[in-house]
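Going by numbering that gives the first Met the number 0, the sequence shown opens with residue 0, and the numbers climb by one from there.
Where is the CB? At the ideal position from N, CA and C, for every residue including glycine.
Before any comments, here is the structure.
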Amino acid sequence: MEEFVREETSLCPSARPELADSVVFGVISGTVKQAHVAYLKQPQPMTDELIAKVSPVTPAEVFRVAAPCANSGCQHFNGKDCGLVMRVLEKMPAVTDKLPPCSIRRDCRWWQQESKAACIRCPQIITDNYNPSEFIREVATPTGA
Ligand code: SF4
Ligand code: SF4
Numbered sequence: 000m001e002e003f004v005r006e007e008t009s010l011c012p013s014a015r016p017e018l019a020d021s022v023v024f025g026v027i028s029g030t031v032k033q034a035h036v037a038y039l040k041q042p043q044p045m046t047d048e049l050i051a052k053v054s055p056v057t058p059a060e061v062f063r064v065a066a067p068c069a070n071s072g073c074q075h076f077n078g079k080d081c082g083l084v085m086r087v088l089e090k091m092p093a094v095t096d097k098l099p100p101c102s103i104r105r106d107c108r109w110w111q112q113e114s115k116a117a118c119i120r121c122p123q124i125i126t127d128n129y130n131p132s133e134f135i136r137e138v139a140t141p142t143g144a
């Protein structure tokens, strides 16, 4: 019998919903100042129906979306690591002491790179934040930009 070989693709947990193969793995609740992600039991494909449901709000304001990491195609990639999660660790506080019940963990690039330190900061992250504090802006800006 032929053995099934799983293709190793790390997922970016702060992906744009427009990307092909994107899946929703969390829903954002709370306030812009104090967001909190509710993690879904199973990731759901990002569909036009989901996008229409939340319109006029952008999907990235209400959903956490994962898609294959773009590596060198991403402004946050430093040639080896994801610079975005490194800044998250450096600048953002932990918001829980337990691992959130996240369905994409096995494939998550941030988990693979930074393990629990990324997960305990992850629930406060909103991909699109139209009212970002200076602090969030600083975290999301690649070094040297
Ligand atoms: S380098 Fe980081 S921010 Fe860029 S796509 Fe990969 S995981 Fe996402
Ligand atoms: S950093 Fe942790 S909690 Fe966040 S998406 Fe990755 S595995 Fe899930």
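When the Cα atoms are used, what is the spatial distance from residue i to residue j?
i	j	result
residue 90	residue 109	15 angstroms
residue 10	residue 69	9 angstroms
residue 60	residue 30	11 angstroms
residue 64	residue 97	21 angstroms
residue 111	residue 33	26 angstroms
residue 77	residue 114	18 angstroms
residue 174	residue 45	Coverage of the chain is limited to positions 0 through 144, which leaves residue 174 absent and any answer about it impossible.
residue 17	residue 47	10 angstroms
residue 1	residue 8	Because the pLDDT at residue 1 is just 42, under 50, the model does not fix this residue reliably, and the value given afterwards should be weighed accordingly. Spanning the two alpha carbons is a distance of roughly 21 angstroms.
residue 23	residue 50	11 angstroms
residue 92	residue 82	17 angstroms
residue 41	residue 106	13 angstroms
Given 7 angstroms as the limit, tell me if residue i has its C-beta closer than that to any heavy atom belonging to ligand 2.
i	result
residue 34	no
residue 81	no
residue 37	no
residue 104	yes
residue 12	yes
residue 117	yes
Any heavy atom of ligand 1 closer than 7 angstroms to the beta-carbon of residue i?
i	result
residue 101	no
residue 120	no
residue 108	yes
residue 76	yes
For the beta strand (DSSP E) containing residue i, name the first residue and the last one.
i	result
residue 33	Segment: none, residue 33 is in no beta strand (DSSP E) and carries neither H nor E.
residue 65	62-67
Return the first residue and the last residue of the alpha helix (DSSP H) that residue i is part of.
i	result
residue 50	47-53
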